[in-house]
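Visitor: Encoded as structure tokens, here's the structure I'll be asking about.
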Amino acid sequence: MNRSAERLGCELFLVLLIVSGCTAEGGDSSNVDTETATQSDGDADGDSDTDADTDADTDADTDTDTDTDTDTDTDAEGDTDTCSSTDSDTLTEIANPPSPYGDILNDAQLRWLSKEMILFAHFGIKTYYVNDNHMGDGNEDPQRFNPADFDASQWIDACVGGGFGGIVLTAKHHDGFCNWPTATTAHNVSASPWQSGNGDVVHDVVDAFRGADMWVGLYLSAFDLHYLNSGANPAAYNDYFLTQLTELCTNYGTIDELWFDGFGADNMTVDMEMRDDVVRSLQPDAITFEGTVNPVRWTGNEACDVSEPNWLGTAPFEADCIAQGNWFWNDTPICSLERLQEIYRSSTARGAVALINVSPNPQGKIDAASMERLKQFGDWVRHFDENDVAHGKPATADNTRDNNPRFGPAMALDGNRNTYWATDDGVHAGGIEVDLENEQTIEAVVIQEYLPLGQRITGHTVSIWQNSAWREVAFATTIGQKRVLEFSPVTTSRVRLAFTAKAPIVISNLLITAR
Numbered sequence: 075m076n077r078s079a080e081r082l083g084c085e086l087f088l089v090l091l092i093v094s095g096c097t098a099e100g101g102d103s104s105n106v107d108t109e110t111a112t113q114s115d116g117d118a119d120g121d122s123d124t125d126a127d128t129d130a131d132t133d134a135d136t137d138t139d140t141d142t143d144t145d146t147d148t149d150a151e152g153d154t155d156t157c158s159s160t161d162s163d164t165l166t167e168i169a170n171p172p173s174p175y176g177d178i179l180n181d182a183q184l185r186w187l188s189k190e191m192i193l194f195a196h197f198g199i200k201t202y203y204v205n206d207n208h209m210g211d212g213n214e215d216p217q218r219f220n221p222a223d224f225d226a227s228q229w230i231d232a233c234v235g236g237g238f239g240g241i242v243l244t245a246k247h248h249d250g251f252c253n254w255p256t257a258t259t260a261h262n263v264s265a266s267p268w269q270s271g272n273g274d275v276v277h278d279v280v281d282a283f284r285g286a287d288m289w290v291g292l293y294l295s296a297f298d299l300h301y302l303n304s305g306a307n308p309a310a311y312n313d314y315f316l317t318q319l320t321e322l323c324t325n326y327g328t329i330d331e332l333w334f335d336g337f338g339a340d341n342m343t344v345d346m347e348m349r350d351d352v353v354r355s356l357q358p359d360a361i362t363f364e365g366t367v368n369p370v371r372w373t374g375n376e377a378c379d380v381s382e383p384n385w386l387g388t389a390p391f392e393a394d395c396i397a398q399g400n401w402f403w404n405d406t407p408i409c410s411l412e413r414l415q416e417i418y419r420s421s422t423a424r425g426a427v428a429l430i431n432v433s434p435n436p437q438g439k440i441d442a443a444s445m446e447r448l449k450q451f452g453d454w455v456r457h458f459d460e461n462d463v464a465h466g467k468p469a470t471a472d473n474t475r476d477n478n479p480r481f482g483p484a485m486a487l488d489g490n491r492n493t494y495w496a497t498d499d500g501v502h503a504g505g506i507e508v509d510l511e512n513e514q515t516i517e518a519v520v521i522q523e524y525l526p527l528g529q530r531i532t533g534h535t536v537s538i539w540q541n542s543a544w545r546e547v548a549f550a551t552t553i554g555q556k557r558v559l560e561f562s563p564v565t566t567s568r569v570r571l572a573f574t575a576k577a578p579i580v581i582s583n584l585l586i587t588a589r
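All residue numbers for the sequence shown refer to our numbering, where the first residue is 75 and numbers rise by one.
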């Protein structure tokens with residue numbers, strides 16, 4: 075196709091979009107920014123001791139604010155024409171996206187969900203007191219803290235290998251020892267021989283992970299056995315704790331997550347509203363576990379087991395569990411690959427974020443056997459995406475919103491989290507059929523909703539075409555951030571997914587994993 079014909083095709087496509095938008099809106103094509111996510115703060119309950127990462131852009135607008143927005147159509151001769159627009163916002167504005175439905179997560183929560191798995195690193199003075207009591211007693215000697223081979227970049231390697239989006243580090247656990255040189259107490263790293271008392275674990279971890287553009291969070295226990303044992307005034311603990319929190323929120327740049335363990339908090343005098351005010355003032359974009367600022371909530375167990383259906387609500391689930399150690403290192407090997415796979419299936423594959431504990435050893439390293447196991451696990455997680463055979467394949471849908479190709483089934487197969495297949499208002503059941511073009515042996519599907527418009531899927535089935543009939547191979551309820559459905563390997567050239575929903579269907583990504 076020559077350039078003048080290509081330009082004419084682009085202009086005609088824009089005219090059709092304008093007509094479609096005006097008709098759908100009764101002549102008003104200015105229905106814009108209906109996808110803007112609104113912030114909802116809620117209370118996250120539960121006491122706990124506690125791309126595989128696609129790092130998708132979760133901005134609520136369907137456009138990506140670039141000058142390279144493209145739309146494709148196929149002419150009668152079978153040629154695919156690509157129309158480049160210099161105004162991607164215009165294309166978004168003239169479309170008629172579905173209205174947001176239900177609880178809408180804010181940008182911070184959506185960014186956190188996109189991490190899917192985060193490494194939990196319990197590391198501190200308790201690492202040097204190996205026993206079955208992970209809490210310690212508050213009387214541990216800082217002189218024993220000496221991670222001579224500590225290197226935060228090695229922890230990054232563990233995260234990358236395992237498919238984790240980042241880390242949550244224990245800045246202070248229940249024993250009260252601080253992994254940074256706090257002004258509140260001498261019970262901290264500056265009293266240790268490590269780096270001649272000049273070390274700062276928090277600084278090194280935050281700096282390294284931020285430099286690698288990875289998620290970084292800090293765990294700060296309200297329960298503090300060292301303070302309780304010190305004879306200090308219990309009524310003064312609130313100021314003590316808030317000063318520690320303020321140090322962490324001001325001295326280390328951006329913190330992505332603040333993890334407030336509820337265990338033992340009732341024994342202390344922390345004012346939780348004041349605590350959250352500190353976060354809101356100093357780290358307003360941070361996720362808080364058991365807080366009210368961009369909240370996430372506990373699953374109610376320490377097994378990374380999220381029950382079904384999983385409705386995100388205003389505070390989605392972070393599921394924590396131990397893969398190694400008794401939270402802290404205790405010279406036990408990391409769990410089996412099969413156990414790690416079970417953890418993934420019961421958490422991330424059900425739409426939650428998994429917080430999986432792997433304990434650094436007294437040298438400050440994640441041991442070699444754990445590094446190898448995490449790599450095996452990460453390879454398994456990555457295979458769901460890397461063996462996708464649906465990307466760019468022909469697809470049809472029972473219903474497409476406004477018959478507009480910007481909401482067509484191809485939008486669910488393009489690998490872009492900001493495009494989606496959507497149905498008309500009032501159409502709450504329907505499906506997509508994908509033509510794989512040749513026989514493929516498949517073993518899983520991966521599905522994602524477009525969460526800036528809310529969670530809405532109540533049930534979905536996967537069927538394959540076999541022996542001149544459709545055969546159902548998998549079924550589940552909710553989807554949310556991500557749903558991974560595995561099944562016994564089957565060979566087929568056509569796959570159909572059927573959905574039921576509380577509102578018009580909106581599916582942003584659909585992958586079909588070959589064996």
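Where is the CB? At the ideal position from N, CA and C, for every residue including glycine.
#1: If you measure between the beta carbons of residue 299 and residue 336, is that distance less than 7 Å?
#2: Locate the beta strand (DSSP E) running through residue 48, then write down its first and last residues.
#3: Are at least three pairs of beta-carbons, each pair with one atom in the segment 470 to 480 and one in the segment 426 to 443, less than 8 Å apart?
#4: On the DSSP bridge list, what partners appear for residue 584?
#5: For the segment 358 to 367 against the segment 306 to 317, are there 3 or more C-beta pairs whose distance is under 8 Å?
#6: Below 8 Å, can you find three or more Cβ-Cβ pairs linking the segment 254 to 261 to the segment 341 to 354?
#7: How should residue 235 be labelled, buried or exposed, when 16 other C-beta atoms within 10 angstroms of its C-beta is the threshold for buried?
#8: Is it a yes or a no for the segment 546 to 566 touching the segment 521 to 528, going by three-plus beta-carbon pairs under 8 Å?
#9: Between the Cα of residue 544 and those of 527, 572 and 528, spot the shortest distance and give me the residue it belongs to.
#10: Report the residue ranges of all beta strand (DSSP E) runs contained in full by the segment 442 to 474; include only those spanning at least 3 residues, in chain order.
#11: Tell me which residue opens and which closes the alpha helix (DSSP H) that residue 348 is part of.
#12: Taking contact to mean 3 or more Cβ pairs, one atom from each stretch, closer than 8 Å, check whether the segment 581 to 588 and the segment 174 to 184 are in contact.
#13: Go through its chain and collect everything with a Cβ distance to residue 444's Cβ below 8 Å, but skip five positions before and after it.
#14: My understanding is that residue 585 touches residue 462, with C-beta atoms under 8 Å, so please give their C-beta distance in whole angstroms.
#15: Could you have a look at residue 569 and say whether DSSP puts it in helix, strand or coil?
#16: What are the boundary residues of the beta strand (DSSP E) that includes residue 394?
#17: For residue 207, is the classification buried or exposed, using 16 other Cβ atoms within 10 angstroms of its Cβ as the cut-off for buried?
#18: Enumerate in chain order the residues of its own chain whose CB-to-CB distance from residue 493 is below 6 Å, with the five nearest sequence positions on each side excluded.
#19: Following the continuous alpha helix (DSSP H) through residue 624, name the residue where it begins and the one where it ends.
#20: Would you please state the rounded distance, in angstroms, between the beta carbons of residue 551 and residue 535? I believe it to be under 8 Å.
#21: Express the C-alpha separation of residue 255 and residue 344 in angstroms, rounding to a whole number.
#22: Decide yes or no for the touch test of the segment 213 to 227 against the segment 267 to 284: beta carbon pairs closer than 8 Å, at least 3 of them.
#23: Is the separation between the beta-carbon of residue 621 and that of residue 199 shorter than 7 Å?
#24: So the candidates are 560, 540, 542 and 539; which of them puts its Cα closest to the Cα of residue 548?
#25: Cα separation between residue 504 and residue 170?
#26: Just reading off the beta strand (DSSP E) that residue 242 is part of, what are its end residues?
#27: Span of the alpha helix (DSSP H) holding residue 276?
#28: What's the gap between the Cα of residue 365 and the Cα of residue 332?
#29: Quick check on residue 190: buried or exposed, where buried means 16 or more other Cβ atoms within 10 Å of its Cβ?
#30: Measuring straight from C-alpha to C-alpha, what distance separates residue 540 and residue 566?
#31: So what's residue 255 in DSSP terms, helix, strand or just coil?
#32: Residue 364 lies in the alpha helix (DSSP H); which residues open and close that run?
#33: Can you find the residues in the same chain that come closer than 6 Å, C-beta to C-beta, to residue 403, ignoring five residues on each side of it along the sequence?
#34: Is the distance from the Cβ of residue 370 to the Cβ of residue 326 below 7 Å?
#35: Give the C-beta separation of residue 172 and residue 527 to the nearest angstrom, bearing in mind that I take them to be a contact with Cβ-Cβ under 8 Å.
#36: Out of 569, 478 and 500, which has the shortest C-alpha to C-alpha gap to residue 506?
Guide: Reading off the structure:
#1: Taking C-beta atoms as the reference points, residue 299 and residue 336 fail to come closer than 7 Å.
#2: Because residue 48 is not part of the residues shown, which for the chain are 75 to 589, the question remains open.
#3: No, the segment 470 to 480 does not touch the segment 426 to 443.
#4: The partner list for residue 584 (beta bridge, DSSP) reads 521.
#5: No, because fewer than three Cβ pairs between the segment 358 to 367 and the segment 306 to 317 fall closer than 8 Å, the two stretches do not touch.
#6: For the pair of segments examined, the segment 254 to 261 was found not to touch the segment 341 to 354: the number of CB pairs separated by less than 8 Å stays below three.
#7: Burial call: buried.
#8: The segment 546 to 566, when compared against the segment 521 to 528, does touch it at the 8 Å Cβ threshold.
#9: Proximity to residue 544 across 527, 572 and 528 peaks at 572, based on C-alpha coordinates.
#10: You should have 469 to 471.
#11: First-last of the alpha helix (DSSP H) with residue 348: 346 to 356.
#12: Under the Cβ criterion (8 Å, minimum of three pairs), the segment 581 to 588 does not count as touching the segment 174 to 184.
#13: Only residues of its own chain outside the window of five on either side were considered, and among them 232, 398, 407, 408 and 432 have a CB closer than 8 Å to the CB of residue 444, listed in chain order.
#14: Contact holds; Cβ gap of about 4 Å.
#15: Assigned with DSSP and collapsed to three states, residue 569 falls in strand.
#16: Per DSSP, the continuous beta strand (DSSP E) segment holding residue 394 begins and ends at 391 to 396.
#17: Its Cβ having fewer than 16 others within 10 Å, residue 207 is exposed.
#18: Excluding sequence positions up to five before and after residue 493, its CB lies within less than 6 Å of the CB of 485, all in the same chain and listed in chain order.
#19: Here the chain covers residues 75 to 589 and nothing more, so residue 624 does not appear.
#20: So it is not a contact: roughly 11 Å between Cβ atoms.
#21: When only Cα atoms are considered, residue 344 and residue 255 end up about 21 Å apart.
#22: Contact between the segment 213 to 227 and the segment 267 to 284 is present: three or more C-beta pairs spanning the two stretches fall below 8 Å.
#23: With the chain represented from 75 up to 589, any question about residue 621 goes unanswered, as that position is not in the structure.
#24: Closest option to residue 548, Cα to Cα, is 560.
#25: Each residue's Cα considered, the two are about 19 Å apart.
#26: Per DSSP, residue 242 belongs to the beta strand (DSSP E) from 240 to 246.
#27: Taken as a continuous stretch (DSSP letters only), the alpha helix (DSSP H) holding residue 276 covers 275 to 285.
#28: Going from the Cα of residue 365 to the Cα of residue 332 covers about 9 Å.
#29: Around the C-beta of residue 190, 16 or more other C-beta atoms lie within 10 Å, and the residue is accordingly described as buried.
#30: In this structure, the alpha-carbon of residue 540 lies about 6 Å from that of residue 566.
#31: Coil at residue 255, not helix or strand.
#32: No alpha helix (DSSP H) holds residue 364; DSSP gives it neither H nor E.
#33: The residues are 201, 433 and 435.
#34: Contact flag unset, no.
#35: Indeed, because the Cβ distance is near 6 Å, the residues count as touching under 8 Å.
#36: Each of 569, 478 and 500 was checked against the Cα of residue 506, and the nearest Cα belongs to 569.
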